[in-house]
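Chains A and B, in that order, give the protein sequences.
As numbered in our numbering, the first sequence has no gaps in its residue numbers, which increase by one up to the final residue, 420.
As numbered in our numbering, the second sequence has no gaps in its residue numbers, which increase by one up to the final residue, 420.
Glycine included, every Cβ here is placed at the ideal spot set by N, Cα and C.
For clarity, every value in this text was computed on a predicted model and none was experimentally measured.
The block underneath contains the structure these notes are about, expressed in structure tokens.
Number of protein chains: 2
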Amino acid sequence: MESLQDYMTSVGQRAVSAARALASAETGQKNQALLNIADAIIAGTDRLIKENAIDLAAGRENNLDAALLDRLELTPARIEAMAEGLRQVAGLPDPVGEIENLSYQPSGIQVGKMRVPLGVIGIIYESRPNVTADAAALCLKSGNACILRGGSEAVYSNQAVAECIKQGLSQTGLPDTCVQVIETTDRDAVGYLIQMQDYVDVIVPRGGKGLIERISRDARIAVIKHLDGNCHVYIDDKADYDKAIAIAINAKTQRYGVCNTMETLLIAEPVAAQLLPELASRYLQKGVELRGCPAACSLIPECLLATEADWETEYLAPILAIRVVADIDEAMQHIHEYSSAHTESIVTEDYSKARRFLREVDSSSVMVNTSTRFADGFEYGLGAEIGISTDKLHARGPVGLEGLTTQKFIVLGDGHIRS
Amino acid sequence: MESLQDYMTSVGQRAVSAARALASAETGQKNQALLNIADAIIAGTDRLIKENAIDLAAGRENNLDAALLDRLELTPARIEAMAEGLRQVAGLPDPVGEIENLSYQPSGIQVGKMRVPLGVIGIIYESRPNVTADAAALCLKSGNACILRGGSEAVYSNQAVAECIKQGLSQTGLPDTCVQVIETTDRDAVGYLIQMQDYVDVIVPRGGKGLIERISRDARIAVIKHLDGNCHVYIDDKADYDKAIAIAINAKTQRYGVCNTMETLLIAEPVAAQLLPELASRYLQKGVELRGCPAACSLIPECLLATEADWETEYLAPILAIRVVADIDEAMQHIHEYSSAHTESIVTEDYSKARRFLREVDSSSVMVNTSTRFADGFEYGLGAEIGISTDKLHARGPVGLEGLTTQKFIVLGDGHIRS
């Protein structure tokens, strides 16, 4: 029998070979493949639900919690949404081959940059089978071969989705190895995947912080990763009160368990007494627990005293930390110290302070008079995202098709030589 | 006495703090600092030459080879060139703060990308003291604090340059810790530098392959690196003969010891008999040793039979490997197999083949009818380069000011909340 290492090596080699074919595939062919995969998924609905039922039964047997089981479940509506996601990616502009800034240099050569695929992308994710289709679609459209490694709890579902993908690729004349879903549930497969420098160009882990930290630590390949979303809204003393309240409530309460939710509210001292009581009553009505600095506590009777840990925590829950600050400088200092550099927003009508905040705050998204909940690939017009990067290099913030590509220089001459 | 670890930690902390000040420094102030440093370097000529003499004497005592001693030496002309380099960087456009594609989304928010510094850059380099000034200039202009670690053989020279830099920074009102040159020659300092994830955002190693491999292996921080330059020119059967000969001679012989020199010439079989004898006689006149495939050897009596190793080698010397290939497909297959993905050029008058080569060859620079020797930051109009990246992520090819920056998303609203 083939060893795990041999299996992973051949997966890697097949991916490299598929990547070459895919890199020069025409846009129309890639779009057709996406549409064919969407059709195969719809046609495969019964089979998908049958295979998914095996995962669900095993999940119940293994006492997976209700939230996980819910995420694992495929319904006809979710299968239709998966297909619709593929059709949407087919409709996005193709980033590959786009040429930027082609211009003549003093020597007479023309120099520009051409956008090209990264090559082979390894994606490691948990539970949701729809990620198999979403990730495959983004990689395919951006001209990258991909190796997908889903959670063992979704292995039957993922393999069933993989079958539909293979079918769509073959129908279009593209190698069905453009998308490979790892077949074994052996946990060591991840270890090999993140060390295969010769075959894999970038790793995208999607899942809990533990998974991402472990992969970042052990990978010998570049990782596009997203750790924390400890996001801040700063209400300036020159804020419009209605906008401030609308944004502060929306940023915290529109959804609790996502990375672009506000976790700490910073508010300028001159307006704290006027705004905090009203904000607090709205938060408390919605069941949000408040933890504040002494000044915040003195204005809100229900507020618990925050500890240092509160400023550092991504609650992902109906809990909010509140701190009264002297001014924008103290707000930016707090952000610099505690933020995970995901998303921060200032609420102000003051032009100079808006300008400073935009320039000086070093986070992947910096906003003025807007809810942090907008930090999202769809809202940003990227069409879809493979994740949100909190790294600085390569891709920062929501990562769409462009983040899965790179640029090479192209040089056009007519016999030019260097003197 | 302070331990090495404590020293490196405080260097890192000072850099982070300087980086914040520098990120929001105005363009005019950064330019003025560069000009002041240039003046300080010119004014410090005598002192620079005196300190450099200490390094040179130690180098002679330690039997450094002549080429190394030559690179180490500072002369009045080289000091003037260093100052001129700083003035040129002052004259380049400031990439920081540049906003791209700010556009309205369906929700009403405006989303764009702002170019921002990476933060703190660690640069590790060998022998040439001018790198101290060059690297400092590029980091400063791109708004990054930097930590420079030069070779121990140049420690007095580098510290003298560092003094001039400090002086120029202070005169301009910028923290003199924007540029820190590590004072100890303890080799373990590099080990700390490349592991300080909390303080350093990216490492740029400049030097021999051994140094770069070691740093890439051990770093816990992203590395912008350049390994090999195994560059190819492919002369197609539809090449213009005069252009082919001019380019093939220039790409190999204009300079031997640099990364963008051609190391393997690929030539299409239909034109090999006509072109190779003339090319060979020119190469031999210039003292270039030829190593070829059997077909090349049969056309060139002086050609040695190439081994597998020849296709893989970056000679950095007057040696050229030559391979006769059937067509563009075989040429691209050879490049795919052996190239270090630095720079490849096709010589052809055929539109379709030029178009295919540009799209399908996966190297940091891909050229048509041009000498590979053009792959260079100055020739590309970047103004100056910190190196040439053979990586795919973040920066690929010559890395100028833009490669030392990243982009964050900025979002402008007017009380917008997500529904």
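Exercise for the section: Would you mind stating whether residue 361 of chain A and residue 25 of chain B have Cβ atoms separated by less than 8 angstroms? Expected result: Yes, Cβ-Cβ distance for residue 361 of chain A and residue 25 of chain B is below 8 angstroms.
Practice task
Use the C-beta contact count for residue 399 of chain A: other C-beta atoms within 10 angstroms, 16 or more gives buried, fewer gives exposed.
Solution key: When all chains shown are included, residue 399 of chain A counts as buried.
Handout entry: residue 128 of chain A: CB within 7 angstroms of a non-hydrogen atom of the ligand FAD
Key = As presented, the structure is devoid of all ligands, the ligand FAD included, so that no description of it is given.
Problem - Continuous beta strand (DSSP E) stretch holding residue 371 of chain A: start and end - result: Counted as a single uninterrupted DSSP element, the beta strand (DSSP E) harbouring residue 371 of chain A occupies residues 366–371.
Exercise for the section: Mind listing, in chain order, the continuous alpha helix (DSSP H) runs of no fewer than 4 residues lying wholly within the region 345–410 of chain A? Expected result: You should have 352–361.
Handout entry: Buried or exposed by the 16-neighbour rule on C-beta atoms within 10 Å, applied to residue 372 of chain B
Key = The residue is buried, with at least 16 neighbouring Cβ atoms inside 10 Å.
Problem - Simplified DSSP assignment, three categories, for residue 314 of chain B - result: Here residue 314 of chain B carries a coil assignment [DSSP, helix/strand/coil].
Handout entry: Proximity of residue 175 of chain B and residue 142 of chain B at Cβ, strictly below 8 angstroms
Key = Not a contact, by the Cβ cut-off of 8 angstroms.
Handout entry: Members of the region 390–414 of chain A near chain B, C-beta cut-off 9 angstroms
Key = For the region 390–414 of chain A, the set of residues with a beta-carbon nearer than 9 angstroms to any beta-carbon of chain B comprises 392, 393, 394, 395, 396, 397, 398, 399, 407, 408, 409, 410, 411, 412, 413 and 414, in chain order.
Exercise for the section: Look at residue 335 of chain A and residue 229 of chain A and say whether their C-beta atoms are less than 8 angstroms apart. Expected result: The answer is no: Cβ separation not under 8 angstroms.
Practice task
With 8 angstroms as the threshold, decide whether the Cβ of residue 356 of chain A is near any Cβ in chain B.
Solution key: False, the Cβ-Cβ gap to chain B never drops below 8 angstroms.
Problem - Selection from B:153, B:154, B:152 and B:148 that minimises the alpha carbon distance to residue 166 of chain B - result: For residue 166 of chain B, the nearest C-alpha among the options comes from B:148.
Exercise for the section: Within 10 angstroms of the Cβ of residue 20 of chain B, are there 16 or more other Cβ atoms? Answer buried if so, exposed if not. Expected result: The residue is buried, with at least 16 neighbouring Cβ atoms inside 10 Å.
Problem - Members of the region 237–249 of chain A that neighbour chain B once the beta carbon cut-off is set at 9 angstroms - result: Cβ contacts with chain B come from 241, 243, 244, 245, 247 and 248.
Problem - Contact set between the region 319–337 of chain B and chain A, restricted to residues whose Cβ is under 8 angstroms from the partner - result: The residues in question are 337.
Problem - Where residue 259 of chain A falls: helix, strand or coil (DSSP) - result: Residue 259 of chain A: coil per DSSP, three-state reduction.
Exercise for the section: List the whole-angstrom C-beta distance separating residue 366 of chain A from residue 376 of chain A, where the pair is believed to meet the contact cut-off of C-beta under 8 angstroms. Expected result: The C-beta distance from residue 366 of chain A to residue 376 of chain A rounds to 4 angstroms, short enough to meet the 8 angstroms contact threshold.
Handout entry: Rounded separation between residue 180 of chain A and residue 260 of chain A - CA only
Key = Taken atom to atom, the span from the alpha-carbon of residue 180 of chain A to that of residue 260 of chain A is near 28 angstroms.
Practice task
Helix, strand or coil for residue 17 of chain A, going by three-state DSSP, please let me know.
Solution key: If DSSP states are grouped into helix, strand and coil, residue 17 of chain A belongs with the helices.
Practice task
Below 8 angstroms on the Cβ atoms is my guess for residue 184 of chain B versus residue 160 of chain B; work out the distance and round it to an integer in Å.
Solution key: So it is a contact: roughly 7 angstroms between Cβ atoms.
Practice task
Return the bridge partner residues of residue 304 of chain A from the DSSP annotation.
Solution key: None, per the DSSP bridge assignment.
Exercise for the section: Taking a Cβ distance cut-off of 9 angstroms, strictly less, list which residues of the region 118–130 of chain B are near chain A, in chain order. Expected result: Answer in chain order: 118, 119 and 120.
Practice task
Give the secondary structure of residue 275 of chain B by DSSP, where H, G and I count as helix, E and B as strand, and everything else as coil.
Solution key: In the three-state reduction of the DSSP assignment, residue 275 of chain B falls in the helix class, which pools H, G and I.
Problem - Rounded Cβ spacing between residue 384 of chain A and residue 401 of chain A (contact assumed at less than 8 angstroms) - result: Rounded, the Cβ-Cβ distance is 6 angstroms, consistent with contact.
Exercise for the section: Answer with buried or exposed for residue 253 of chain A, where buried requires no fewer than 16 other C-beta atoms within 10 angstroms of its C-beta. Expected result: Classification of residue 253 of chain A: buried, given that the 10 Å Cβ count is 16 or more.
Exercise for the section: Enumerate, from N- to C-terminal direction, the unbroken beta strand (DSSP E) stretches of 3 or more residues contained entirely within the region 132–162 of chain A. Expected result: DSSP runs (the beta strand (DSSP E)) wholly in the region 132–162 of chain A: 146–150.
Exercise for the section: Flag this pair as yes or no: are the beta carbons of residue 73 of chain B and residue 128 of chain B separated by less than 8 angstroms? Expected result: In contact: residue 73 of chain B and residue 128 of chain B (Cβ atoms closer than 8 angstroms).
Handout entry: Interface flag, residue 382 of chain A vs chain B, CB-CB below 8 angstroms
Key = So, interface residue.
Exercise for the section: Under 8 angstroms between beta-carbons, which chain B residues line up against residue 427 of chain A? List them in chain order, please. Expected result: Lying outside 2 to 420, the shown extent of chain A, residue 427 of chain A is not represented and no answer is given.
Practice task
Starting from the beta carbon of residue 202 of chain B, find every residue of chain A whose beta carbon is closer than 9 angstroms, and list them in chain order.
Solution key: Residues of chain A with a Cβ closer than 9 angstroms to the Cβ of residue 202 of chain B are, in chain order, 393 and 394.
Problem - Reduced DSSP secondary structure (H/G/I, E/B, other) of residue 116 of chain A - result: If DSSP states are grouped into helix, strand and coil, residue 116 of chain A belongs with the strands.
Handout entry: Alpha carbon of residue 310 of chain A to alpha carbon of residue 327 of chain A, nearest angstrom
Key = Rounded to whole angstroms, residue 310 of chain A to residue 327 of chain A spans 21 angstroms at the Cα level.
Exercise for the section: Give a yes or no on whether 8 angstroms exceeds the smallest Cβ distance from residue 25 of chain B to chain D. Expected result: The question asks about chain D, but that chain is absent: this structure's protein chains are A and B.
Problem - Candidates B:374, B:338 and B:329, of which the one nearest residue 352 of chain B by Cα - result: With distances taken between Cα atoms, residue 352 of chain B lies closest to B:329.
Exercise for the section: Please say whether residue 162 of chain A and residue 190 of chain A have beta carbons closer to each other than 8 angstroms? Expected result: No, Cβ-Cβ distance for residue 190 of chain A and residue 162 of chain A is not below 8 angstroms.
Practice task
Label residue 55 of chain A either buried or exposed according to how many other C-beta atoms from any shown protein chain fall within 10 Å of its C-beta, with 16 as the threshold for buried.
Solution key: With fewer than 16 other Cβ atoms within 10 Å, it is exposed.
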